[in-house]
Amino acid sequence: MFRGVGRKLAILNALVVIAVIALAGGVIYLVLLRSLNAEVDRSLSARIGEINDVAVGGANGVPPSDGERDGTADPGDRQVLQSGDTILIAVSPDHKVMYNPRGIILSGVPVSAGIDRALTGQSDARSVDIAGIGRMRVVSAPLRHDGTVIGAAQALQSLDQHEAELATVRWVTLLGIGLGALIAVPVGLFLASRAMRPIDEAFARQRTFVADASHEFRTPLTLIRANAEMAGHDPRAPVASIQGELGSILEEVDRSDRLVEDLLTLARADAGRLTLDREPLEVAALVSDAVRTMRPLALERGIDLAARLSDRCEAMVDPERLRQVVRILIDNALKHTPQGGEITVAVGRRGRDAMVSVSDTGAGIHKHDLPHIFDRFYRSDRARTRKTGGTGLGLPIAKALVEAHGGKIAVSSEPDRGTTVTFTVPALVHSRQAAGTREERALS
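For the sequence shown, my numbering gives the first residue as 34, with consecutive numbering after it.
(1) Per DSSP, which one or two residues make a beta bridge with Glu-347?
(2) What do you get for Thr-394, buried or exposed, if any count of 16 or more other CB atoms within 10 angstroms of its CB means buried?
(3) Return the first residue and the last residue of the alpha helix (DSSP H) that Gln-276 is part of.
(4) Using the rule of at least 16 other Cβ atoms within 10 Å of the residue's Cβ for burial, across every protein chain shown, is Ile-216 buried or exposed?
(5) Over what stretch of residues does the beta strand (DSSP E) that includes Lys-441 continue unbroken?
(6) Given a threshold of 16 other Cβ atoms within 10 Å of its Cβ, counted over all protein chains shown, does Phe-456 qualify as buried or as exposed?
(7) Could you tell me whether the region 319-337 touches the region 283-299, using the rule of 3 or more Cβ pairs below 8 Å?
(8) Taking Cβ positions, are Gly-209 and Ile-398 nearer each other than 8 Å?
(9) Answer yes or no: do Ala-379 and Ser-343 have a C-beta to C-beta separation smaller than 8 Å?
(10) Does Glu-347 pass the burial test, meaning 16 or more other C-beta atoms within 10 Å, or should it be called exposed?
(11) Return helix, strand or coil for Arg-382, following the three-state DSSP convention.
(12) What do you get for Gly-94, buried or exposed, if any count of 16 or more other CB atoms within 10 angstroms of its CB means buried?
(13) Per DSSP, which residues does Tyr-132 bridge with? Please list them.
(14) Go ahead and pull the three-state DSSP assignment for Ser-321.
(15) Measuring alpha carbon to alpha carbon, tell me which of Glu-284, Leu-434, Glu-198 ends up nearest Leu-362.
(16) Whose C-beta lies closer than 8 Å to the C-beta of Leu-199 among residues of the same chain, with five residues either side of it excluded?
(17) Going by alpha carbons, who is nearest to Asp-127 out of Gly-167, Ser-140, Ile-84, Ala-186?
(18) Residues bridged to Thr-453 by DSSP?
(19) Find out if the Cβ-Cβ distance for the pair Ala-188, Thr-119 is shorter than 8 Å.
(20) Measure the C-alpha to C-alpha separation of Leu-309 and Leu-299 and round it to an integer number of angstroms.
(21) In angstroms with no decimal places, state the Cα-to-Cα distance between Ala-478 and Ser-78.
(22) Closest to Ser-390 by C-alpha separation, out of Ser-445, Arg-354, Leu-403, Ala-174, would be which residue?
(23) Kindly give me the distance between the Cβ atoms of Pro-352 and Leu-461, rounded to whole angstroms, as I take these residues to be in contact under 8 Å.
(24) Check Ile-406 in the structure and name its three-state DSSP category.
(25) Taking C-beta to C-beta, are Val-171 and Leu-152 nearer than 8 Å?
(26) Helix, strand or coil for Ser-78, going by three-state DSSP, please let me know.
(27) Just reading off the alpha helix (DSSP H) that Pro-352 is part of, what are its end residues?
(28) Give the DSSP-derived three-state secondary structure of Thr-201 in the structure shown.
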């Protein structure tokens with residue numbers, strides 16, 4: 034049911050991983066680019082400072098270098114520019130080259146945009162593409178004497194080495210994106226499958242629950258309809274003649290009402306809205322009262338129901354809810370204990386908790402049924418529990434009520450030897466202290 038959702042989550046996860054890798058690579062690339070440009074700019078600015086010193090010495094400009102040459106471009110100029118060496122050029126305010134120690138003569142050098150900005154008194158740094166040379170970093174600055182711009186200087190350096198470093202970052206980023214996609218997609222599908230498994234199981238249980246609830250309601254509704262049709266078959270019949278049908282209708286209504294109440298209790302427990310009216314109570318007294326109310330049913334079925342209250346302790350509980358738990362466990366034991374059997378309800382302690390156990394001498398529960406004993410609508414013997422009116426909600430309700438009190442419930446059973454259901458609830462601290470005081474007095 035959720036396989037499509039799992040695939041979408043896996044793809045989304047892969048896209049997130051790719052985006053993170055791309056973002057990280059982009060940030061690293063930009064930081065490295067800025068760092069490399071700043072490093073080159075500092076070096077070129079320092080060289081321009083040397084030219085400015087010469088300019089100040091000459092007062093009216095930079096004298097031509099011995100390396101200046103007239104004529105056309107030399108193929109060696111390209112090698113010089115591509116070698117990574119720093120090229121220095123100075124021009125006068127009328128854009129005449131006044132200083133070119135390397136004798137570079139090449140189209141696009143010096144870079145006019147940088148020179149124009151420098152002649153206005155502003156420094157300029159930019160990366161440009163020189164035809165036949167490649168990417169170069171160009172720093173331009175004004176030459177000043179007594180505060181007056183007497184020319185402009187420009188320093189150039191090839192970025193081939195830096196471009197190689199940046200290309201490495203780009204390739205590593207692309208490789209990371211590719212590997213991220215190859216790894217993230219299958220891993221995402223695997224994790225999504227594992228994550229969706231509990232959800233699939235929960236919805237499967239929900240579907241089973243709805244189907245079972247519908248089945249449980251179908252029986253009483255069918256009987257109500259059948260009895261109503263029988264009662265209305267002869268409109269002139271006296272009421273006394275249809276008392277049986279009316280009684281059956283009322284019985285099924287009561288059964289449906291109990292089923293609805295059970296379902297509401299479980300729904301409230303699932304939603305965490307099961308309200309408990311807690312008060313400090315003696316657990317033994319509460320259990321004793323529940324046993325007393327259930328004893329007539331045990332006598333009617335020929336079953337011995339006994340209480341063994343070996344210890345006394347108080348707990349902060351909802352008396353009606355906890356009494357309901359005890360009645361559910363006794364009723365469940367009565368349904369599965371044959372005539373002449375025994376049911377023992379015991380109250381004791383287990384560490385810091387008050388413990389209540391209900392043991393019977395019935396047929397017991399098979400091992401394959403024990404893991405499902407608290408599942409809703411689960412019945413290990415459907416035919417027998419159907420006859421006794423069981424819906425398979427008793428133990429789930431008992432479990433929900435015990436856990437709402439902060440306790441735990443467990444079942445142990447052996448086929449043909451009986452079953453014991455035990456639950457615990459946290460005992461009050463002062464009750465343990467009182468018990469310790471009683472023990473001390475007994476020893477003294």
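Here a beta-carbon is modelled for each residue, glycine too, at the ideal position from N, C-alpha and C.
In short:
(1) In the DSSP assignment, the residues bridged to Glu-347 are Glu-315.
(2) buried
(3) 276-303
(4) Classification of Ile-216: exposed, given that the 10 Å Cβ count is below 16.
(5) Segment 441-447, the beta strand (DSSP E) holding Lys-441.
(6) buried
(7) no
(8) No; because the gap between Cβ atoms is not below 8 Å, this pair is not in contact.
(9) yes
(10) buried
(11) strand
(12) Residue placement at Gly-94 is poorly supported in this model, since its pLDDT is 43, which falls under 50; the coordinates still yield a value, given next. Classification for Gly-94: buried.
(13) Ala-123
(14) helix
(15) Leu-434
(16) Tyr-62, Leu-65, Leu-66, Leu-69
(17) Ala-186
(18) Ser-392, Ser-445
(19) yes
(20) 14 Å
(21) Within the shown structure, residues of the chain are numbered from 34 to 477, placing residue 478 beyond reach of any answer.
(22) Ser-445
(23) Not quite, the Cβ-Cβ distance comes to about 14 Å (not below 8 Å), so this is no contact.
(24) Ile-406 sits in coil when the DSSP states are folded into three classes, being neither helix nor strand.
(25) no
(26) Assignment of Ser-78 by DSSP, reduced to helix, strand and coil, places it in the helix class.
(27) 352-368
(28) helix
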